[in-house]
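Engineer: Starting off with a structure, shown below.
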Amino acid sequence: MSNKPIRFAVVGAGMISQLHAKVIVDMADAELVAICSRDLDRAKEIADQFGGEPTADYDALLSRDDIDAVSICTASGEHATFGVPAAKAGKHVLVEKPIEIHLDKADELIDACDANGVKLGVIFQLRFLDACQEVKKAIDDGILGNPVMADCYMKFYRPQEYYSDSRWKGTQTLDGGGALINQGIHGLDLLLHLAGDVQSVQAYKDVRAHENIEVEDTCVAAVRYHNGALGVIQATTSVHPDVQQRIELHGSEGTIILEGTEDVWIKHWETFNNGAREIENRTPIEHSGAAAVLKEGGEAHRRQIKDFVDAVLADREPSVNGAEGRRSLEVVRAIYASAEMAQEVLLDG
7 MSNKPIRFAV VGAGMISQLH AKVIVDMADA ELVAICSRDL DRAKEIADQF GGEPTADYDA
67 LLSRDDIDAV SICTASGEHA TFGVPAAKAG KHVLVEKPIE IHLDKADELI DACDANGVKL
127 GVIFQLRFLD ACQEVKKAID DGILGNPVMA DCYMKFYRPQ EYYSDSRWKG TQTLDGGGAL
187 INQGIHGLDL LLHLAGDVQS VQAYKDVRAH ENIEVEDTCV AAVRYHNGAL GVIQATTSVH
247 PDVQQRIELH GSEGTIILEG TEDVWIKHWE TFNNGAREIE NRTPIEHSGA AAVLKEGGEA
307 HRRQIKDFVD AVLADREPSV NGAEGRRSLE VVRAIYASAE MAQEVLLDG
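Count along the sequence shown from 1, then add 6; that gives the number in this note's numbering.
The structure is reproduced here in structure tokens:
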């Protein structure tokens with residue numbers, strides 16, 4: 007294993023870019039070298055706060071030999087646009103959720119990283135929280151028995167300005183969808199991580215509370231899993247106030263309920279073998295979104311970025327690699343297709 011720090015450039019200058027910069031600066035095995043954005047003034051603001059050289063020249067950035075990895079925090083529909091050239095330049099690629107907004111672009115990014123021998127990590131930080139890892143182990147150990155139902159409820163609020171003041175949020179071209187692919191994909195990824203892959207979906211989507219957006223602000227889907235379980239997925243940015251994200255996992259031998267959006271805690275844990283216990287490991291966070299993550303200090307992001315850095319240093323796959331990051335996007339695209347065609351959609355595999 008190399009003992010040299012991994013030298014990063016953060017690409018993008020939004021709220022989540024600040025969190026990536028903060029985590030990298032605070033990490034012993036990483037170094038922040040540059041902040042790159044088409045908005046040079048914003049790049050300078052982040053560089054002034056966290057260090058690194060501000061730049062708007064991405065091509066020049068990729069030609070530098072003092073950068074080992076890029077952390078891509080741009081609009082969702084630009085992840086492959088920035089990630090593929092980085093891979094071809096020999097840079098490891100860490101990308102915020104979702105991996106991309108279309109499967110062909112996600113596959114292009116995965117293939118580029120594979121072909122050029124660089125690591126690809128996709129940010130789904132909830133997997134790294136203690137409660138989620140405890141539940142994952144319990145399910146893998148069969149504590150809940152045979153899977154019966156697995157549901158995820160992601161009911162958030164975003165004001166009209168959230169869409170109106172953004173150049174890309176709420177657009178098909180760069181957001182790729184609305185409440186499900188943007189806000190809901192974290193919960194969806196965690197649901198798949200815990201409950202297993204989806205076999206088929208039957209979905210509906212609509213715009214219920216926002217104006218002049220090209221995507222849904224409300225989406226519901228009934229799902230069937232490969233393991234035989236049934237479930238419901240709900241995502242919206244139209245309910246006020248935010249309701250904490252909730253995942254319910256039911257088996258023939260018990261139930262586990264997780265709650266929380268930026269942090270996740272075990273709300274209820276009950277099995278027929280062990281009686282009942284109820285755990286709430288911290289006060290719920292009042293707000294959701296990138297600002298709340300930054301305010302909380304980004305512990306889950308820190309753990310995942312540390313995993314990515316360790317993967318590069320040890321020449322192993324990141325825990326959430328391209329294939330893992332692709333799973334939730336495949337379900338998102340199937341849900342959208344089902345809603346648009348008004349019929350059940352089967353997933354590959």
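Heads up, the beta-carbon is just placed ideally off N, CA and C, and yes, glycines get one too. Predicted, not measured: the structure shown is a model, and the values here were computed from it.
Pick out whichever of F88, P104, H26, K211 has its Cα sitting closest to the Cα of F130.
Structural biologist: P104
Engineer: Do A241 and D160 have their beta-carbon atoms positioned less than 8 Å apart in this structure?
Structural biologist: Correcting the residue type first, residue 160 is Met in the shown sequence and not Asp. In this structure, A241 lies closer than 8 Å to M160 by Cβ.
Engineer: Under DSSP, the beta strand (DSSP E) around Q208 begins and ends at which residues?
Structural biologist: 204 to 212
Engineer: Ignoring anything shorter than 4 residues or poking outside the segment 176 to 202, list the alpha helix (DSSP H) runs there in chain order.
Structural biologist: 191 to 201
Engineer: Quick check on DSSP: helix, strand or coil for E102?
Structural biologist: coil
Engineer: Please go through the segment 7 to 63 and give each complete beta strand (DSSP E) segment of 3 or more residues, from N-terminal end onward.
Structural biologist: 12 to 17, 36 to 42, 59 to 61
Engineer: Leaving out the 5 sequence neighbours to the left and right, which residues in its chain are closer than 7 Å to G57 when beta-carbon positions are compared?
Structural biologist: V31, L38
Engineer: So, with DSSP's three-state summary, where would you put D110?
Structural biologist: It is helical.
Engineer: Assuming contact is defined by CB atoms lying nearer than 8 Å, are D171 and S82 in contact in what I supplied?
Structural biologist: no
Engineer: Is the beta carbon of Q205 within less than 7 Å of some heavy atom of the ligand ATP?
Structural biologist: With respect to the ligand ATP, the structure shown offers nothing to examine, as it has no ligands at all.
Engineer: How many angstroms separate the CA atom of L236 from the CA atom of I149?
Structural biologist: 18 Å
Engineer: Report the CB separation of M155 from H256 in whole angstroms; it is logged as a contact under 8 Å.
Structural biologist: 4 Å
Engineer: In the DSSP assignment, find the unbroken alpha helix (DSSP H) run with E336 in it and report its ends.
Structural biologist: 328 to 347
Engineer: Here's the rule I'm using: 16 or more other beta-carbon atoms within 10 Å means buried, otherwise exposed. How should E284 be labelled?
Structural biologist: With a pLDDT of 43 at E284, under the threshold of 50, the modelled position of this residue cannot be trusted; read the value that follows with caution. Exposed, by the Cβ-count rule.
Engineer: From which residue to which residue does the alpha helix (DSSP H) around S170 run?
Structural biologist: 166 to 170
Engineer: Out of curiosity, what's the CA-to-CA distance linking T261 and Q208?
Structural biologist: 25 Å
Engineer: Please go through the same chain and pick out, in chain order, the residues whose beta-carbon is closer than 8 Å to the beta-carbon of V99, but skip the five residues on each side of it.
Structural biologist: A75, V76, I78, G89, A92, A93, L115, C119, V124, K125, L126, G127
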